[in-house]
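What follows is a single structure, written as structure tokens, with notes after it.
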Amino acid sequence: MNLKNLGIGLLSIVFAIGCGKSEKNGKSNGALNKSHAEQVYVAPGEHDEYYAFISGGYNGNLLVYGLPSGRMFKEIPVFSQFPTSGYGYSEETQPMLNTSHGSIPWGDAHHPDISQTDGVTDGRWVFINENNTPRIARIDLETFETVEIIEVPNSAGNHSSSFVTENTEYVVAGTRFSVPVPQEDISIKEYKGKFKGALSFIKVDQETGGMDINFQLMMPGFNYDLSHPGRGQSHGWFFFTTYNTEEANSLLEVNASQNDKDFIAAVNWEKIEEYVANGGGEMKPAKYAHNTYDHNTHTGKSEMKEEVRMVNPMDVPGAVYFLPTPKSPHGCDVSPDGQYIVGNGKLSANLTIHSFPKMLEAIENEDFDGEAYGIPILNFDKTLAGVVENPGLGPLHTEFDDKGFAYTTFFITSEVVKWELGTWEIVDRKPTYYSPGHLTIPGGNSREPDGKYMFVMNKITKDRYLPVGPELEHSAQLYDISGDKMELIYDFSTHGEPHYAAAIKAEKVAPNTRKSYRLDENEHPYAVKNEGETKVVRDGKNVHVYISTIRSHFAPDNIEGIKVGDKVYFHVTNLEQDFDVPHGFAMIGQNNSELLIMPGQTKTSVWEPDQIGVWPFYCTDFCSALHQEMQGYVRVSPADSDIDLSWSLGED
Amino acid sequence: MKSASTIMIIGSALLLSLFIYPLWIVELEAPQYPDGLGMFIHLNGLVGFTEFDLQNIDGLNHYIGMQTLPKPDDMWEFSVFPIVVGGMAILGIVIGLLGFLNKISYNWFLYWLILMTVLGVMGMFDFNAWMTDYGSNLDPKAIIKVTESDGTPFSYKPPLLGSRDILNFTAISYPGIGGILLTIGMFLTFVAYLVGLKTKKNKS
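Going down the list, the protein sequences come from chains A and B. Numbers in my numbering are just positions in the first sequence, counted from 1, shifted up by 2. Numbers in my numbering are just positions in the second sequence, counted from 1, shifted up by 10.
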């Protein structure tokens, strides 16, 4: 036992005394533990009650888990190349990773949010933001594939994103690292006043889900950390926490922690939308990529946009206000009824809760305490609904249940605290292992949370699982929140670094999922509909191989007439029309990834042979009893060879 | 005689349900197909449980060298059976109507039933012969060749009725709604004959 463990032990004893009921007591109760096991036990062949979409953080992807079992079902490639399926490597998916900076193989995925209708999650799409090179992606929940990525210009550190309004009118993206707009070569010391924080309102097409930036609100150069939409009575507003209202440009850990209060920015987007609809704002040059993927052509395309509409908040009086909030608030969470806005001041001793009705009243009465860059600062006491006194240290995020309670994670004291809306009384606290970031309650960011389970995603794992060397996956803990007290019922590891997660009842999603793609709807220009259509076509140095897969062979599987220096495009169509029968494609010495082709799908992989010889390719997915026989050969001849192209299957 | 004729008309009209509902169902069960795989045998052709079931059954069967499942044009039965069943239904209804009008005797009900039974048995023989051929006339280059313990080739013939384990699959055959209504209809025509007989006796 080292001293550090002792320290944690002592801390938990302190909490045990502090809250009366410790984890230890729970552990000694055999009957209780058994019921916990039963609660999370999903029998073999049974399905989970919820889908959880957990961000992969710096792995750039979105992970699909089941609750309460904590089983992982899928890693959906979003912002990162994924050699498993060929995402970002295949010709069809390379455009998805295109940006104004060129192709970027990686991303930092943070906050998934499920589309909503009438303030309730509807299971159509998941949106997720990329923090590093600002982008928002849309994942289709019929196919669980990334179908759209839009870059967010004039932004950096795309962190206060990608939260949706209650009818998915908008998915919203904010700026954590303010930057010069437009970018220019100036001294970093000119930060104050020169740098801007863009808040981007991305319109979502209700039919297709297609995204298009309607306007960017050019705010003062603070750090816009997190955000949430108003709902119900506060629908039409959006709330953003800010820190670094000091506008420091160096040593932020000190210099951005000086002000007693930073702000929550309250944005009346409906008002700005109206202003824009009437021709307000100004189209300004901006280069940003808009990438879309089509499930009929199985192909992505990247379009570079040239301009974006900017709105100066000064030009829309009454659209933006600042709510003073102690101290460097992180999470910005809105209660299910839309009445309360919780500012999780991460350096504050207390939790601050603003009241939306009081905010409207303060605006009406012009209870202002000055202004910042022309934006009125509302009087702190006039908007304050209440304070949760001394809840813990380092509050980060709050979610809500369906019984009037809120749950806040505390990073420093490593716990989750349950408190009551309205009375601001703390009713329970439980340790987490260790140092939680976000927490998730299914539907917790909607009008109708489902107060059965809550899970926290921790930043520190330490000793929770068998040791695997210095680098660890992050731990998550699942709590039963159906009773008065939270009960820790399960502990599971995640992938990458989960930030937020969004969860939804499985019955809202599962019935709509696809089992395969229809071959007769495949509009890929290089698709084949049957083996009779397979062929090899030379176009100068480019050779297009129209090749098909079906259990358990490729057609063709013998190809001759390829030459050193050729660029060979393998357009692989999977002719299967059965559930869960993908085929793989891998070519020896190929300088990119394999392909994993779903039934009815066509994917393309490029191979540039640099050596003569006879080189095999094979199916990488154990597709059938004769999977090992699913292989082929390509003969590569010298560049000046006059061997004609030929191809065959089953000929001696 | 009126009630007997009515029963005759209803009984033979039930044959027409075969134009809507399947005659027979063959279901295949295997661990990899939790939702089941199978086909409805209609008078005029085969229909998979789902759109791609026939294609997938063919895909699986190619390993053991079985022929692909017949398309409507591949078998004369799929064009002749509808004519025979339709004709018999119309014939039965006409006989029933004539009986109703006292133009012919109830004995015709029995003649119709005998003819229908003969045709039905022939149909069953034909179906069974096709299944025997389908299950045992295999491609000599089949990927997987299975033999019985005595060295004779294994037959993949699905059962006519009931279930049979065929390698990793369990094949289950049973009548569809059309087949059940056909049986009820034929039984009703026999009832019609008996009612006719009884009515006659009561009168005499």
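All C-beta atoms, glycine included, are put in the ideal place defined by N, C-alpha and C.
- Listed along chain A, the residues sitting closer than 8 angstroms to glycine 69 of chain B by beta-carbon distance are Ile552, Arg553, Glu578, Asp580.
- Within chain B, the C-beta atoms nearer than 8 angstroms to that of leucine 628 of chain A come from Tyr73, Ile153, in chain order.
- Against chain A, the CB of asparagine 147 of chain B has no partner CB under 7 angstroms away; the residue lies outside that interface.
- Using a Cβ-Cβ distance cut-off of 8 angstroms, the stretch 554-574 of chain A and the stretch 635-643 of chain A are in contact, since at least three pairs of beta carbons, one from each stretch, lie closer than that value.
- Secondary structure at glutamate 427 of chain A: coil, using DSSP grouped into helix, strand and coil.
- Annotated three-state conformation of tryptophan 609 of chain A is strand, per DSSP.
- Glutamine 77 of chain B is outside the set of residues whose beta carbon lies under 7 angstroms from a beta carbon in chain A.
- Here DSSP, grouped into helix, strand and coil, assigns valine 205 of chain B to helix.
- The criterion of a C-beta distance shorter than 7 angstroms is not satisfied by valine 566 of chain A and alanine 505 of chain A.
- Within its own chain, the residues whose Cβ lies closer than 6 angstroms to the Cβ of lysine 307 of chain A, once the five positions on either side in sequence are excluded, are Tyr290, His292, listed in chain order.
- For asparagine 66 of chain B, the nearest CB of chain A lies under 7 angstroms from its own CB, placing it at the interface with that chain.
- In this model, aspartate 227 of chain A and glycine 62 of chain A are separated by some 19 angstroms (Cα to Cα).
- In this structure, the CA atom of proline 433 of chain A is about 11 angstroms from the CA atom of glycine 394 of chain A.
- For phenylalanine 179 of chain B, no Cβ of chain A is located within less than 7 angstroms of the residue's own Cβ.
- In this structure, glycine 106 of chain B lies near methionine 18 of chain B, with their beta-carbon atoms less than 7 angstroms apart.
- At a Cβ-Cβ threshold of 7 angstroms, phenylalanine 75 of chain A and serine 162 of chain A do not count as neighbours.
- Taken atom to atom, the span from the alpha-carbon of aspartate 136 of chain B to that of glycine 161 of chain B is near 28 angstroms.
- Proline 168 of chain B and leucine 148 of chain B have their C-alpha atoms some 14 angstroms from each other.
- Looking only at A:Gln185, A:Pro182, A:Asp187, A:Gly199, the smallest Cα-Cα distance to alanine 175 of chain A is reached by A:Gly199.
- Chain A places a beta carbon closer than 7 angstroms to that of phenylalanine 62 of chain B, counting this residue as a contact.
- The DSSP-derived three-state label of serine 173 of chain B is strand.
- At the C-beta level, leucine 598 of chain A and proline 618 of chain A stay beyond 7 angstroms of one another.
- DSSP places serine 357 of chain A within a strand segment (E or B) once states are collapsed to three.
- Put simply, the backbone Cα of serine 484 of chain A is about 5 angstroms away from that of lysine 454 of chain A.
- Segment contact: the stretch 120-129 of chain A against the stretch 446-466 of chain A, three or more CB-CB distances shorter than 8 angstroms; contact assigned.
- Ranked by Cα distance from phenylalanine 382 of chain A, the first of A:Pro328, A:Ala478, A:Pro155, A:Gln630 is A:Pro328.
- A direct Cα-to-Cα measurement between serine 518 of chain A and glycine 75 of chain B gives close to 26 angstroms.
- The residues Phe55, Ile56, Ser57, Gly58, Met74, Lys76, Glu77, Ile78, Thr496, His497, Gly498, Pro500, in chain order, have a CB closer than 8 angstroms to that of leucine 65 of chain A in the same chain once the five nearest residues on each side in sequence are set aside.
- A distance below 8 angstroms between beta-carbons, with the five flanking residues on each side excluded, links isoleucine 138 of chain A to the following residues of its chain, in chain order: Phe129, Ile130, Asn131, Glu132, Ile151, Ile152, Val154, Asn160, Ser163, Ser164, Val173, Ala175, Ile204, Met213.
- Under DSSP, serine 550 of chain A shares a beta bridge with A:Ala557, A:Thr575.
- Secondary structure of leucine 191 of chain B (DSSP, three-state): helix.
- Contact between proline 136 of chain A and alanine 158 of chain A holds, with the beta-carbon distance rounding to 7 angstroms and staying under 8 angstroms.
- Between the C-alpha atoms of alanine 23 of chain B and valine 44 of chain A there is a straight-line separation of about 51 angstroms.
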